[in-house]
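Below is one structure, written out as structure tokens, with a few remarks after it.
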Amino acid sequence: MTDSQTLANDANTLWFDRPVPGVKQNLTAPLTAVDTEPSTECPSCHTLTTNTALIFNCYVCPHCDQHLAMTARERLNWFLDDVEGELGQEFVAKDPLKFVDSKPYPKRMSEAQAKTGESEALIVMYGKLRNLDVVTCAFDFRFMGGSMGSVVGDRFVQAAEKALNENKPLICFAASGGARMQEGLLSLMQMARTGAAVERLRLAGVPYLVVLTNPVYGGVTASLAMLGDIHLAEPKAMIGFAGKRVIEQTVRETLEEPFQRAEFLLEHGVVDEVVHRHQLIDTIYRLLAKLTHKPNIEA
40 MTDSQTLAND
50 ANTLWFDRPV
60 PGVKQNLTAP
70 LTAVDTEPST
80 ECPSCHTLTT
90 NTALIFNCYV
100 CPHCDQHLAM
110 TARERLNWFL
120 DDVEGELGQE
130 FVAKDPLKFV
140 DSKPYPKRMS
150 EAQAKTGESE
160 ALIVMYGKLR
170 NLDVVTCAFD
180 FRFMGGSMGS
190 VVGDRFVQAA
200 EKALNENKPL
210 ICFAASGGAR
220 MQEGLLSLMQ
230 MARTGAAVER
240 LRLAGVPYLV
250 VLTNPVYGGV
260 TASLAMLGDI
270 HLAEPKAMIG
280 FAGKRVIEQT
290 VRETLEEPFQ
300 RAEFLLEHGV
310 VDEVVHRHQL
320 IDTIYRLLAK
330 LTHKPNIEA
């Protein structure tokens, strides 16, 4: 290269790319989309993924296929093609026991409501799943661990009654730590209430389908989450009544993983099928179309 060509190249170099004498150069890499957009770290592979990418991928990690948690409202809006209404907003939790642990129950409730933007741990909506009229409900694990208190029981029973009266399938997305200890016996009574509501659906021949997400434990597992006509589960979902540590302390044996994973429960007949979230809507639709003798618009 001649001296004239070198001078020409230097002249064409953008002025802001040229080093400035006496000024230390910034050697950091340019920002990427992950650095500039709100992102979420996958709890499994610890890879950062932008929230926009997660939404488009149904909150499934694109790197390791881990199914991340969805809020109740996100899940129902994703599941239903047309939301026609919401049930149960008139129910408000009381504090009949005046329960106080590290803080009073009303204070704990107000904190959960401020954190989640929801009034309770169960959201109920009804609308269209393609050409099917359905009633749906979903637990929000962010709200006090998705615990089941009297309002959760009220909302589930109201959902079941609407499904019964209008002959619409009921779908429940379960994600819970169990009964809410702050309501004592009142929370345990919801196991019987929800169980009775499901039995009325069964006697009337109204389909009730349960999707077990991660995690489902305690009184919810012991009642409404295990009373469905069909039980589906998302991959690697943790499902049980008591946790591993409690069971090991009770039976005095070491339990190997993955004895409470969805795949293990599928092998032992507890759930009917483990379904990837990308196939979940199609799977539920085909099952409900078959159970309700409605034409399958995909066929």
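Per our numbering, residue 40 is the first one in the sequence shown, and the count goes up by one each step.
We treat Cβ as the ideally placed atom computed from N, Cα and C, and that holds for glycine.
For residue i: DSSP bridge partner residues
{"i": "M164", "result": "E125 and T175"}
{"i": "F212", "result": "A177 and V250"}
{"i": "R300", "result": "M277"}
{"i": "E312", "result": "L271"}
{"i": "V290", "result": "In the DSSP output, where bridge partners are listed per residue, V290 has none listed."}
Alpha-carbon to alpha-carbon, residue j and residue i
{"i": "L319", "j": "L87", "result": "25 Å"}
{"i": "H106", "j": "D121", "result": "24 Å"}
{"i": "L171", "j": "L203", "result": "15 Å"}
{"i": "D311", "j": "L248", "result": "11 Å"}
{"i": "I210", "j": "G282", "result": "26 Å"}
{"i": "T155", "j": "F298", "result": "31 Å"}
{"i": "A199", "j": "T293", "result": "40 Å"}
{"i": "K63", "j": "E76", "result": "Its pLDDT being 49, under 50, K63 is placed unreliably in this model, and the coordinates cannot settle the point."}
{"i": "C103", "j": "E80", "result": "12 Å"}
{"i": "K333", "j": "V163", "result": "23 Å"}
{"i": "E123", "j": "Y165", "result": "6 Å"}
{"i": "A272", "j": "V313", "result": "5 Å"}
{"i": "L224", "j": "S189", "result": "10 Å"}
{"i": "P145", "j": "F303", "result": "39 Å"}
{"i": "S215", "j": "P254", "result": "6 Å"}
Cβ-Cβ distance between residue i and residue j below 7 Å
{"i": "F195", "j": "G185", "result": "no"}
{"i": "F182", "j": "A213", "result": "no"}
{"i": "L227", "j": "A218", "result": "yes"}
{"i": "V174", "j": "K207", "result": "yes"}
{"i": "L119", "j": "Y324", "result": "no"}
{"i": "L330", "j": "P246", "result": "yes"}
Terminal residues of the alpha helix (DSSP H) in which residue i lies
{"i": "P145", "result": "Y144 to T155"}
{"i": "Q105", "result": "First-last for Q105: undefined, no H or E at that position."}
{"i": "T233", "result": "L224 to A243"}
Whole-angstrom C-beta distance between residue j and residue i, which should lie under 8 Å
{"i": "M187", "j": "V259", "result": "5 Å"}
{"i": "G267", "j": "R232", "result": "That belief does not hold up - the Cβ atoms of G267 and R232 are roughly 17 Å apart, past 8 Å."}
{"i": "K275", "j": "R300", "result": "6 Å"}
{"i": "L126", "j": "Q197", "result": "5 Å"}
{"i": "G257", "j": "F280", "result": "7 Å"}
Bounding residues of the beta strand (DSSP E) (the contiguous stretch that carries residue i)
{"i": "T88", "result": "L87 to T89"}
{"i": "L271", "result": "I269 to A272"}
{"i": "S78", "result": "S78 to E80"}
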